[in-house]
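Here my numbering is used: the first residue of the sequence shown is 516, the next is one more, and so on. Glycine included, every Cβ here is placed at the ideal spot set by N, Cα and C. For clarity, every value in this text was computed on a predicted model and none was experimentally measured.
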Amino acid sequence: MISAMRKVDKVDYANRDRQGKIAFYVLLWKRKGISLELFSEYWRNVHGPLCARLPGQHQYWQFHLAANEGGIWPAIDSIDYVCPAVDRFHGIAELTFATEADFQAYIEAFGILMADEHNLFAKAIAYTSIGNSQTYCDRIPSGEPNGELDGIKFHVMVKKSNAVSVEAFRTYITDTFAPAVVQSDSVLKFRLHLLEEVDNSRPDDDGVSRYEPQDKQYQAAFEIAFANPLEMEKFFASPEYAQAVKDQAKYVERLYPFPERSTYTFVYNGELTLAGQRSSKVADLIARIGATNQLKENIASLFTKAQEENHMSKSTATNGKTQTASAEQVPSLISTNEATSRIQTTFSSPVNAPLAKVWEMMLDKVENPGRYNPVAYDYKIVERYNNGVLRQMKAANMTVKEIITWDETTREIRHVLVDNPYFFGEAINAVVQPSNSKDPLLLSYSLDWQPYNQEGRKIAQEIQGKIAQALEQAVLKGIAVAEQKSAPVTSTIIATGTLPLADKLPGTISDLALRLFARGESFDAHGFSELFTEAPVYQFGNYAPCLTKAEIQQSTAAFFSQIAALYHDIKMLWEVGNTLFLEMDVIYWRKDGSVVTLPCFDTFRVEGDKFSELRIFMDANPVGDPSIPVSSTSSVFTGIQGKRLTTTTDLMKKFFAEHPDAKARIANGFVPKWAIAGPKWPLEGANRKTTTATTKKAVRSS
516 MISAMRKVDK
526 VDYANRDRQG
536 KIAFYVLLWK
546 RKGISLELFS
556 EYWRNVHGPL
566 CARLPGQHQY
576 WQFHLAANEG
586 GIWPAIDSID
596 YVCPAVDRFH
606 GIAELTFATE
616 ADFQAYIEAF
626 GILMADEHNL
636 FAKAIAYTSI
646 GNSQTYCDRI
656 PSGEPNGELD
666 GIKFHVMVKK
676 SNAVSVEAFR
686 TYITDTFAPA
696 VVQSDSVLKF
706 RLHLLEEVDN
716 SRPDDDGVSR
726 YEPQDKQYQA
736 AFEIAFANPL
746 EMEKFFASPE
756 YAQAVKDQAK
766 YVERLYPFPE
776 RSTYTFVYNG
786 ELTLAGQRSS
796 KVADLIARIG
806 ATNQLKENIA
816 SLFTKAQEEN
826 HMSKSTATNG
836 KTQTASAEQV
846 PSLISTNEAT
856 SRIQTTFSSP
866 VNAPLAKVWE
876 MMLDKVENPG
886 RYNPVAYDYK
896 IVERYNNGVL
906 RQMKAANMTV
916 KEIITWDETT
926 REIRHVLVDN
936 PYFFGEAINA
946 VVQPSNSKDP
956 LLLSYSLDWQ
966 PYNQEGRKIA
976 QEIQGKIAQA
986 LEQAVLKGIA
996 VAEQKSAPVT
1006 STIIATGTLP
1016 LADKLPGTIS
1026 DLALRLFARG
1036 ESFDAHGFSE
1046 LFTEAPVYQF
1056 GNYAPCLTKA
1066 EIQQSTAAFF
1076 SQIAALYHDI
1086 KMLWEVGNTL
1096 FLEMDVIYWR
1106 KDGSVVTLPC
1116 FDTFRVEGDK
1126 FSELRIFMDA
1136 NPVGDPSIPV
1146 SSTSSVFTGI
1156 QGKRLTTTTD
1166 LMKKFFAEHP
1176 DAKARIANGF
1186 VPKWAIAGPK
1196 WPLEGANRKT
1206 TTATTKKAVR
1216 SS
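If you want it as structure tokens, here you go:
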């Protein structure tokens, strides 16, 4: 704290800023429609950590300012000290760079930051100072503050007089003003910037003005700090100050001091600070509670090297476990009220695929979230940048807009919420390489959203479970895709013949699919749902996806009630890793006696011995609406010139005749409906005697 400085402390820390050769000094006005409090919260907790991850930075500070209203600085005739209201900015972002190459790397990546600026800025005027920013004295021990200061600090904007040249003005500032100021023992810090002319060729972007007329531009700025008001007044009354301002009216037209409310440091000495890693709010809480363990390398690395999920997986000694923070788990970081409304969840699981394939899948997930996230739809890429995109989609009954950046070195993809009326926060998708090369990679996804307002807190309580489930599904789906792309491809064309059923199927997934179809053809909704995992994705045509076994059972039972019988006429199956692709016609017998045959393509994915996903690509509307015409050539068996291939494989009939599972189920009364309704096809094979009795029983009970 500045007020804790003793006057006798003459240690000067000014040298610590010397490596920052180039300064990027940006004056920022908040946009209309948001409060100053919300502006500050978003700037330091969302925008700041995003900016900190752009390359090349040596230092990055945010200065949150109060209004310049005059009455503090001693007045000199002909110098204006009160800034017009329209020109009063609300903050300054100062970034420094050690080399020109570092600065260019930052500028090249800057596009992704511009996409977020319209969320909080109405105007952003950027000055550069190349080799002309210098800290003359600094007796404040910490160069990386985070929060409010007990002392007094001003950021003073200086416009030169029109009567002098830029060179003469700079000579006065550096040779007369600055040397005199730093001679005063009352001055704790003095940092000076000689500013270049604003580049007005930069276009306004998304409602953020970047144009500043010549008559409003500044040629210098300085930062000055005092321990307390007494020391400030002593300075103004000192001979050093009198010497500094002796001929000031000749060189200066305007001098606008802006009081500093707080400062936040996101990058220091080329490294992310705690605020840069985890937001200034978390950094402040850690400091206030005295949680020194949070500063240790093993914890810091979780946030800087995307190791958090790996750590949690090892500490719990389990795979695929979702961890959701509660108020009891993090009492020192968030209040109970915040904890109950905060959406914070993590899921991780091993993936048996090469790193390149996993990373390829993760990038595909950015472009096509609907392939992995069952609740995502209407997604689109709004803007593209060198290492990221601005993406918008619908999920959880709201529009979700995110700035998504990726780092191929760390294999981390970061999603930062922008322009959201209810939440701010981020999600991180990462692949972690194990310390033991024999262990599989770990794919993880963590999300931390915090509500802005009461409506956000209400929504959070409603969607937290769905978000956690969707996040888990995204990880598992991603694993399935990566492993599938890495697995050898096997395929089988099913044709008629005399081979036993087991010899005609490519693998166990195909067998599991036929068992599922058998439950469908016998209208066993409960048995159908039992072949799915506890957190499945089941999507039938245009119907809403089912995300629980109970939803699957309810949906299939409702569908079965609308028809008399159905049959899966399978043409072809392909197995790739843990995925099965299946092509077929499905024949439906309606209750009015009419029949419709529809082409269908299914995608199955398995976990263990159950399905984690089934997507059925079919227009099922003609089933319930006989008035919808269906062409006789609308079939997967239709070939060149409309000629029809072999019309049936009888695969499901053979399944009921030969498969032990089917035989056992028939014995227990689960007869395919096509044997007792619709075509009333006979059940063949060794089951004939058993099925005859069972069929009669089923007919009597129907």
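- Residue pairing for Trp964: DSSP places it in a beta bridge opposite Ile858 and Gly940.
- A direct Cα-to-Cα measurement between Asp592 and Glu917 gives close to 51 Å.
- Distance between Glu998 and Gly722, taken at the CA atoms: about 45 Å.
- By the criterion of a C-beta distance shorter than 8 Å, Ile688 is surrounded in its chain by Val673, Leu707, Leu709, Ala735 and Tyr766, once the five residues flanking it on both sides are discounted.
- Between Val1151 and Glu1098 a beta carbon distance of about 5 Å is seen, short of the 8 Å cut, so the two are scored as contacting.
- Restricted to the region 1114 to 1201, the alpha helix (DSSP H) segments that are unbroken, complete and at least 4 residues in length are 1136 to 1139, 1166 to 1173 and 1175 to 1182, listed in chain order.
- Separation of Phe1075 and Ile1191 (C-alpha to C-alpha, rounded to the nearest whole angstrom) is 15 Å.
- The alpha-carbon separation between Val947 and Leu957 amounts to approximately 5 Å.
- Residue environment: Phe1171 is assigned as buried (16 or more neighbouring CB atoms within 10 Å of its CB, all protein chains considered).
- Secondary structure note for Cys566: its alpha helix (DSSP H) is the uninterrupted segment Gly563 to Ala567.
- Shown here, Thr924 sits in coil according to DSSP, grouped into three states, outside any helix or strand.
- Runs of the alpha helix (DSSP H) lying entirely within the region 1048 to 1107 and spanning at least 4 residues, in chain order: 1064 to 1075.
- Take the alpha-carbon of Gly606 and the one of Ile994: they are about 44 Å apart.
- The beta carbon of Trp874 is closer than 8 Å to those of Glu923, Arg926 and Val946 in its chain, skipping five residues each way along the sequence.
- Per DSSP, the continuous alpha helix (DSSP H) segment holding Phe751 begins and ends at Pro744 to Phe751.
- Separation of Ala911 and Leu932 (C-alpha to C-alpha, rounded to the nearest whole angstrom) is 14 Å.
- In the three-state scheme derived from DSSP, where H, G and I count as helix and E and B as strand, Val782 is classed as strand.
- DSSP places Asp721 in the coil class of the three-state scheme, outside both helix and strand.
- Annotated three-state conformation of Lys992 is helix, per DSSP.
- The beta-carbon distance between Asp934 and Asn634, rounded to whole angstroms, is 5 Å. This is short enough to meet the 8 Å contact definition.
- Phe1043 is positioned such that its CB atom lies closer than 8 Å to that of Ile1067.
- Arg906 and Phe751 have their C-alpha atoms spaced approximately 53 Å apart.
- By the Cβ neighbour-count rule, Met747 is buried, with 16 or more other Cβ atoms within 10 Å of its own.
- At least 8 Å separates the beta-carbon of Ile739 from that of Phe684.
- At the C-beta level, Ala624 and Asn944 stay beyond 8 Å of one another.
- In the DSSP assignment, Cys652 is bridged to Phe705.
- Per the DSSP secondary-structure output, Asp595 pairs in a beta bridge with Arg769.
- For Ala641, the pairing in a beta bridge is given by DSSP as Val541.
- Assignment of beta-bridge partners to Phe636 by DSSP yields Lys545.
- In this structure Leu1062 touches Pro889 by the C-beta definition: roughly 6 Å separates them, less than 8 Å.
- If you compare the alpha carbons of Ile1078, Lys731 and Asn883 with that of Tyr771, the shortest gap goes to Lys731.
- DSSP lists no bridge partner for Lys953.
- When secondary structure is reduced to three states using DSSP, Asp893 falls in the strand class.
- Contact annotation, Tyr575 with Cys566: C-beta distance approximately 7 Å; criterion of less than 8 Å satisfied.
- For Tyr687, there is no enclosing beta strand (DSSP E); the residue is found in the alpha helix (DSSP H) stretching over Val681 to Tyr687.
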